[in-house]
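Asker:
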Amino acid sequence: MRKEFTANTVEEAKAMAAEFFKTSPEKIEFTVIEEEKKGILGIGRKNAVVAAEYNPSKAEIAAEYIKKILACMDIDAELKITENDDGALIDIEGDTTGAVIGRRGETLDSLQYLAGMAANKNDKEYYRVTLDCCGYRERRKEALEELARKISKSVLRTGKTLTLEPMNPYERRIIHAAVSEIEGVTSKSSGEEPYRKVVISSVSGRPERKGGYDKRDRGPGRRNDRRGERKIERRSSMDLMKTSFEKDYKKPKPEDSMTESGLYDKIDF
């Protein structure tokens, strides 16, 4: 945007431009159209004319948009802009900013979306605007990471798949990142916006095994097998103590098995 300013001096004209654009003079490109002239006894005196051109950055556009909304909400706050490679972080700081956050950050997310729309208006190259308020994002991130760890432990213990409440893409990414660091569980997103949810499930689909064998192996058949194994072990120990005569004496004769059918078939040797 280009606009001309007239003042007693060039410096005063520049200050007027900075006030008009609500930014520092260093961010404005000035062109001096006419220098001031003092004249003689006030005769022939002329004011300075300066052309100021200012093209605000996308971060500044977003911040100005937020300021207007906060003014409508009667909220007195200061904005701190930090630009990075992906876009900009705008932090709202003040004593009466609770209404800016809203329930679980819903108001803050809505303001962030609108600020991003304002910054990217009529521009094909997307510029990411992240809005924070008094460190809320970091506190929410820590809470979500703790939630992911707690749910993952429950899934590992029970083997049951658990579905979390609907979250925005930013919060779902936090959950996915936390789950990826826990062995034995996996996560995916399910559903359509704005009701898309994170689903956490066990990789094996079974409860976490504790001890040498699964509790599900402890059925009646398993107990019978173990009893049979113990009987065989005791029988083997007793056989080692027998003399050769006892072994031959106890050994069944061929005719015995023929006359008493099935008697010795029931014994495992």
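First residue of the sequence shown: 2, per the numbering used here; consecutive thereafter. We put the CB at the ideal spot given by N, CA and C, even for glycine. These figures come from a predicted structure and were not determined experimentally.
#1: Spatial neighbours of residue 59 within its chain, please: C-beta separation below 6 Å, excluding the five flanking residues on both sides.
#2: Among residues of its own chain, excluding the 5 on either side of residue 70, which ones have a beta-carbon nearer than 8 Å to its beta-carbon?
#3: Kindly indicate the opening and closing residues of the beta strand (DSSP E) around residue 204.
#4: Within a Cβ cutoff of 6 Å, which residues of the same chain sit near residue 165, ignoring the five residues on either side of it in sequence?
#5: Measure the Cβ-Cβ separation of residue 78 and residue 95 and say whether it is below 9 Å.
#6: Assuming contact is defined by CB atoms lying nearer than 9 Å, are residue 179 and residue 153 in contact in what I supplied?
#7: In this structure, how does DSSP classify residue 158 when only helix, strand and coil are distinguished?
#8: Report the three-state DSSP secondary structure of residue 88 (helix, strand or coil).
#9: Mind checking if residue 101 is an interface residue toward chain B, Cβ cutoff 9 Å exclusive?
#10: Helix, strand or coil for residue 96, going by three-state DSSP, please let me know.
#11: Would you kindly work out how many angstroms separate the C-alpha atoms of residue 19 and residue 57, rounded to a whole number?
#12: Is residue 139 buried or exposed, if buried means 16 or more other CB atoms sit within 10 Å of its CB?
#13: Go ahead and label residue 196 buried or exposed: buried means 16 or more other beta carbons lie within 10 angstroms of its beta carbon, across all protein chains shown.
#14: For residue 46, which of helix, strand or coil comes out of DSSP?
#15: What is the rounded straight-line gap between the Cα of residue 7 and the Cα of residue 135?
#16: Taking 9 Å as the threshold (C-beta atoms), are residue 28 and residue 22 in contact?
#17: For residue 53, is the classification buried or exposed, using 16 other Cβ atoms within 10 angstroms of its Cβ as the cut-off for buried?
#18: By Cβ distance below 6 Å, which residues in the same chain neighbour residue 117 in space, the five residues on each side in sequence not counted?
#19: Counting C-beta neighbours from all protein chains within 10 Å, is the total for residue 143 16 or more, i.e. buried, or is it exposed?
#20: Going by beta carbon distance, what residues of the same chain come within less than 6 Å of residue 87, once the five residues before and after it are set aside?
#21: Round the Cβ separation of residue 93 and residue 101 to the nearest angstrom and send it over; I've been treating them as touching at under 8 Å.
#22: So what does residue 32 bridge to, in DSSP terms?
Answerer: Quick look at the numbers:
#1: 120 and 128
#2: 112 and 115
#3: No beta strand (DSSP E) holds residue 204; DSSP gives it neither H nor E.
#4: 198 and 199
#5: yes
#6: yes
#7: helix
#8: strand
#9: Annotation note: the requested chain B is absent from the structure, which comprises a single protein chain.
#10: coil
#11: 12 Å
#12: exposed
#13: exposed
#14: coil
#15: 41 Å
#16: yes
#17: buried
#18: 130
#19: exposed
#20: 129
#21: 6 Å
#22: 52
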